[in-house]
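Residue numbers (the working numbering), protein chains in the order written: chain A, 1 to 330; chain B, 1001 to 1251. Backbone N, C-alpha and C define an ideal beta-carbon position, used for all residues, glycine too. Computed from a prediction, not measured in an experiment: that's the story for all the values here.
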Amino acid sequence: MSEAARLSAHLTRGARWGLGEIAFWLLIVALIFLVPSRALLINEILIAGLFAMSLDLILGYAGIISLGHAAFFGIGAYGAAILASRGIHDPILGLILASLLAGFLGLATAPLLLRGSDLTRLMVTLGICLMLGELANRNSWATGGADGLNFELTPIFGLLPIGFTGQRNAALYSLVVLFLLFVLARRIVQSPFGLSLRALKENRLRAGALGVSAPHRLIVIYAISATYAGAAGALVAQTTQIVSLDVFDFHRSADVLLMLIIGGTGYLYGGIIGAALFIAIKDGLSTATPEYWEFWIGLLLVALVLGGRERIGARLHALLPRRLRGGSAA
Amino acid sequence: MSEAALETRGLVRRFGGLVATDNVSLRLEPGARHALIGPNGAGKTTLVNLLTGILKPTAGAVLLEGRDVSALSANARVRRGLCRTFQINQLFPAMTPAESLCLAVGERLGRGGSWLGLAGADGAILGEVEDLLRRFDLLAVMDQPTHKLAYGKQRLLEIALALARRPRVLLLDEPAAGVPEGERADILAALAALPADVTILLIEHDMDLVFRFATRISVLVAGRLLMEGSPAEVAADPRVREVYLGADAHG
Chain A
1 MSEAARLSAH LTRGARWGLG EIAFWLLIVA LIFLVPSRAL LINEILIAGL
51 FAMSLDLILG YAGIISLGHA AFFGIGAYGA AILASRGIHD PILGLILASL
101 LAGFLGLATA PLLLRGSDLT RLMVTLGICL MLGELANRNS WATGGADGLN
151 FELTPIFGLL PIGFTGQRNA ALYSLVVLFL LFVLARRIVQ SPFGLSLRAL
201 KENRLRAGAL GVSAPHRLIV IYAISATYAG AAGALVAQTT QIVSLDVFDF
251 HRSADVLLML IIGGTGYLYG GIIGAALFIA IKDGLSTATP EYWEFWIGLL
301 LVALVLGGRE RIGARLHALL PRRLRGGSAA
Chain B
1001 MSEAALETRG LVRRFGGLVA TDNVSLRLEP GARHALIGPN GAGKTTLVNL
1051 LTGILKPTAG AVLLEGRDVS ALSANARVRR GLCRTFQINQ LFPAMTPAES
1101 LCLAVGERLG RGGSWLGLAG ADGAILGEVE DLLRRFDLLA VMDQPTHKLA
1151 YGKQRLLEIA LALARRPRVL LLDEPAAGVP EGERADILAA LAALPADVTI
1201 LLIEHDMDLV FRFATRISVL VAGRLLMEGS PAEVAADPRV REVYLGADAH
1251 G
């Protein structure tokens, strides 16, 4: 191979789809059709996976830590619910508008995260989420307050009802949204913009000395991440057709961080794998030891972060034969 | 007199009562090979930070190709063509040399904010990255994570990254610092091969390197310029021998 070809192959290695990746997505489709009785659980995993992937965009790719990512999840959920209760019954339109609303909130609050330490960022994100939760509680004329908000949606394309009467459709709907947003995220992290985020995360001093403007780049990725989190929130609201104040709960921000750490940061699949493990463990253990399952999650977490920090996905990945491996996990 | 590539006029920087930079007026002609030397604590680092925009001067001005850039941020000065390397490597440890250079070239071409293109599929960027890898002898290790490279290779990448911005003026901050003897020749060769039209200010401790590379030398002592001259003049100056060589000069 010529030097030029070797260089080009090296720089574009992450953009190629590996067979392992294709199998990953086909497996999810197969599960939805083969185990329709667990469609509700699969839907929950897909949405949590999208939420964790949105956190990965800022934490794994830009090094921004957040303990209030549920702010955008909640805005997306209430955005979708309020739109539907005020006459916009089309789920796709509602999803897009609600996600964009969350994105704008991300754009507006991102400048608050540019200064200060990680502790500052934890407190700012946590504080914003608390404020939004309380605003939702207070403005019950729009949100239904503590009673929550019920609403009706038309079937997707007028054909496929989602929600409790169409749990498989709901899971498929979430899967399509997750997949499309995953493909977009995959392009973003492989783009020059994505490369500059990696550089900023690895060495902000040098990235600046090469002309990378940190504030602009970080604000953009934060807004993208917020849009993704909003989409996850909108999906939860739409597929259950009810939304309540718990979408802003602190435990949501904490859980999504746990899922991402369990699955591994900085490679997009980590969020989805982490969400699957987290929810499967929770589901399995909470039937076996309903009062005790968080003990095992806690133990797993401590073992993971102390034991080499290596992502679970990467270990599974290493078990695959070389030709099956995709690029993006490299 | 032609326009200087880089000039300082009466540059002063105080930290409280300490005058770290004391009325420094320095002038680099286009394409100069100029060295800045001085004993530890002479204020070389402060001066570099004033030139690059990390610090703002208490008084005086920095001019880049005739334009006053004193009020510009470090980032804006980089975009005007003033780049630097670092005394202690400032690299991207988990990124490969190819990726690091791809970033630097892409940023210079203004593509860094684009989030749909593929970073490694742009022909213009690729050609330039390949050229830089070849010139700095990094082709063989281009796909290894930077933290795994030999130290000498890392120093070469340090220079290549700055050059990827196609600077008009390049500040080299002790480029050979810490390089083992066996890899030193590579650094010297890379320095000798820098484009002639790039104006270079070399900040260096290593006298052998300074006398090989520079055609003009400024000596900084206690924040002030002690003298400026050709290498021969500087070597012959008794004041320089005294402050720089210390006790040996008296011996």
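Below 8 Å on C-beta distance, what does residue i contact in chain B?
i             : result
glycine 194/A : Trp1115 and Ala1119
Quick one: what's got a C-beta closer than 7 Å to residue i's C-beta in the same chain, skipping five residues either side?
i                : result
glycine 1251/B   : Bear in mind that a pLDDT of 35 at glycine 1251/B, under 50, signals an unreliable position, so the model cannot answer this.
alanine 1059/B   : Gly1010 and Val1012
glutamate 1233/B : none
leucine 57/A     : Ala185, Ile221, Ile224, Ser225 and Tyr228
glutamate 1003/B : Glu1065 and Gly1066
tryptophan 296/A : Ile281 and Leu285
leucine 197/A    : Tyr61, Ala62, Arg217 and Ile221
Identify the contact partners of residue i in chain B, using a Cβ-Cβ distance below 7 Å as the criterion.
i                : result
isoleucine 188/A : Trp1115
alanine 15/A     : Leu1118
Quick one: what's got a C-beta closer than 8 Å to residue i's C-beta in the same chain, skipping five residues either side?
i                : result
arginine 1166/B  : Gly1081 and Arg1108
valine 1103/B    : Reading off the sequence, residue 1103/B comes out as leucine, not valine. Same-chain partners within the cutoff: Phe1092, Met1095, Gly1112 and Ala1119.
leucine 181/A    : Leu50, Met53, Tyr228 and Ala231
threonine 1085/B : Glu1158, Ile1159, Leu1161, Ala1162, Leu1170, Leu1171, Leu1172, Asp1173 and Pro1175
threonine 154/A  : His89, Asp90 and Pro91
alanine 215/A    : Before going further, note that residue 215/A is proline rather than alanine in the sequence given. Within the same chain, proline 215/A has close Cβ partners Pro111 and Leu114.
arginine 1020/B  : Note on identity: in this sequence residue 1020/B is alanine, with arginine being the wrong assignment. Same-chain partners within the cutoff: Arg1013, Arg1014, Gly1043, Thr1046 and Gly1223.
Would you identify the three-state DSSP class for residue i, choosing helix, strand or coil?
i                 : result
threonine 1021/B  : strand
asparagine 150/A  : strand
methionine 1142/B : coil
alanine 1071/B    : coil
aspartate 255/A   : helix
proline 1238/B    : helix
glycine 1060/B    : strand
glutamate 1130/B  : helix
isoleucine 242/A  : strand
valine 1179/B     : coil
arginine 1165/B   : coil
isoleucine 1054/B : coil
isoleucine 156/A  : strand
isoleucine 273/A  : helix
glycine 79/A      : helix
arginine 1014/B   : strand
arginine 1084/B   : strand
glycine 1120/B    : coil
glycine 1251/B    : Bear in mind that a pLDDT of 35 at glycine 1251/B, under 50, signals an unreliable position, so the number given afterwards is only what the model happens to contain. If DSSP states are grouped into helix, strand and coil, glycine 1251/B belongs with coil.
valine 183/A      : helix
glycine 194/A     : helix
alanine 340/A     : Since the first and last residues shown for chain A are 1 and 330, residue 340/A lies out of range.
Beta-carbon within less than 6 Å of residue i's beta-carbon, same chain only, minus the 5 sequence neighbours each way: which residues are those?
i                 : result
alanine 71/A      : Ile128, Cys129 and Leu132
isoleucine 1054/B : Ala1074
alanine 80/A      : Gly94, Ala98, Ala234, Ala237 and Gln238
asparagine 43/A   : Ala170, Ala171, Ser174 and Thr239
cysteine 1083/B   : Ala1162, Arg1165, Pro1167 and Leu1170
aspartate 1206/B  : Ala1176
Residues of chain A with a CB under 7 Å from the CB of residue i: which are they?
i                 : result
leucine 1091/B    : Asn203 and Arg206
methionine 1142/B : Leu7 and His10
arginine 1165/B   : Leu210 and Gly211
arginine 1084/B   : Ala209
Name the DSSP bridge partner or partners of residue i?
i                : result
aspartate 1173/B : Ile1203/B
glutamate 1007/B : Arg1027/B and Leu1063/B
arginine 1324/B  : Nothing in the structure corresponds to residue 1324/B, since chain B is present only between 1001 and 1251.
leucine 1220/B   : Leu1225/B
glycine 163/A    : Gly166/A
Closer than 9 Å by beta-carbon distance: list the chain B residues that pair up with residue i, in chain order.
i               : result
arginine 198/A  : Phe1092, Ala1094, Met1095, Glu1099 and Leu1103
histidine 216/A : Gly1113
serine 225/A    : Within chain B, no residue comes near serine 225/A; the closest Cβ sits about 13 Å away, beyond 9 Å.
alanine 4/A     : Leu1126, Gly1127 and Glu1130
Just the chain A side, please: which residues come within less than 9 Å of residue i by C-beta, in chain order?
i               : result
valine 1062/B   : Those within 9 Å of valine 1062/B in chain A number zero; the least Cβ separation is about 16 Å.
arginine 1079/B : Gly211
glycine 1106/B  : Pro192, Leu195 and Ser196
alanine 1074/B  : Gly208 and Ala209
leucine 1139/B  : Glu3, Arg6 and Leu7
Could you tell me which chain A residues have their CB closer than 8 Å to the CB of residue i, listed as they occur along the chain?
i              : result
leucine 1161/B : Arg206 and Leu210
_Validate contact between the segment 89-106 of chain A and the segment 233-242 of chain A using beta carbons, cut 8 Å, 3 pairs_ = yes
*Check whether the segment 1028-1047 of chain B touches the segment 1215-1230 of chain B, taking contact to mean three or more Cβ pairs, one atom from each stretch, closer than 8 Å.*
yes
_the segment 118-128 of chain A in contact with the segment 61-76 of chain A per 3-pair CB rule at 8 Å_ = yes
*Three or more beta-carbon pairs under 8 Å between the segment 155-170 of chain A and the segment 246-254 of chain A, yes or no?*
no
*Pairing CB atoms from the segment 1180-1197 of chain B with CB atoms from the segment 1207-1214 of chain B, are three or more of them under 8 Å?*
yes
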